[in-house]
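Report on the structure given below.
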Amino acid sequence: FVDVKGAYDSIHIPTLIRRLQDLNVPDVFYNYIYNLFHVRSLHFTSPSGSECIRSSYRGLPQGSCLSPIIFNVYMFPISKSLLSHYYSCLFYADDIVVFSINKSLDRAIFRLNSALSSLNNKLSSAFFEVAPDKSQFMIFTRKRYVDFPPVYINNKSIVPSNTITYLGLILDPKLRWVPHFNYLKRIISKWSNLLRASRHLVERAPIFTIISI
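Under UniProt numbering, the first residue of the sequence shown is numbered 1, with each subsequent residue one higher.
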């Protein structure tokens, strides 16, 4: 599970335009994208009321409905170049997962390290920087391993994790989903306690108020 530092803020606009051109996007569209993103004015206001304006020449505005689509276009050549029979890469916006399946743990980790090295080079060439301290890895197995080869990215080892949250799911090494179910139980318990405490208010509230809630 690879973490990229400031993924949306690191988009290199000229590289983005070249990738749009490689996809045979109409000139009108990529010119629009260039004019929209290549220079942006950032307005800052301090608590004391002072203001300043800075210009940004890279990155995509987070919160924009267009940014995830443009980001996927930017990442497409990277994901396409990492196709292999020995490992797989999943890209969901800036959430990147690299995994290898093998009966031999040593061989799986060797292939994983090879994939991570290639991924790091591809990301660096696209003006991204990997954060090894925020990246995670997990061995999905029913067996218990005490000693296993380290996993590296950017020449730094990644600490193994007991649980990893990915796209809202809490994964565990044996895929028994106990941590995720416990999390759901806590959420349900919190909301059920809230509904129980506000039951007398709901009984007295008009029907349109309940519907709006």
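The beta carbon of each residue, even a glycine, is placed where N, CA and C say it ideally should be.
Restricting attention to alpha helix (DSSP H) runs no shorter than 4 residues, the segment 118-177 encloses none. Looking from the CA of I69, the closest CA among M138, N155, I11 and D172 belongs to I11. Counting along the chain, F37 sits inside the alpha helix (DSSP H) bounded by residues D27 to F37.
When secondary structure is reduced to three states using DSSP, D95 falls in the strand class.
Take L60, set aside five residues on each side of it, and the residues of its chain with a beta-carbon closer than 7 Å to its own are Y8, I11, F37, S67, I70 and F71, in chain order.
Spanning the alpha carbons of R18 and S117 requires a straight line of approximately 25 Å. For R18, the enclosing alpha helix (DSSP H) covers residues I13 to D22. The residue from V73, M138, M75 and I170 with its alpha-carbon nearest to that of I101 is M138.
Between D106 and F76, the C-beta gap is not smaller than 9 Å, which leaves the two residues out of contact. Put simply, the backbone Cα of N193 is about 14 Å away from that of L184.
Each residue's CA atom was taken as its position, placing N120 and N155 some 10 Å apart.
A check of alpha carbon separations from K143 across S104, I53, G168 and L83 identifies S104 as the nearest. Rounded to the nearest angstrom, the gap between the Cα atoms of C52 and S46 is 9 Å. DSSP, read as helix, strand or coil, puts S104 in coil. Taking all protein chains shown into account, A108 has 16 or more neighbouring C-beta atoms within 10 Å of its C-beta and is therefore buried. F99 sits away from I78, with the two beta carbons spaced by 9 Å or more. Look at R186 here: in three-state DSSP terms it is helix. Here L175 has F140 as same chain residues with Cβ atoms under 8 Å from its own Cβ, once five neighbours each way along the sequence are excluded. Residues of the same chain with a CB within less than 6 Å of the CB of K5, apart from the 5 flanking positions on each side, are E129 and A131 in chain order.
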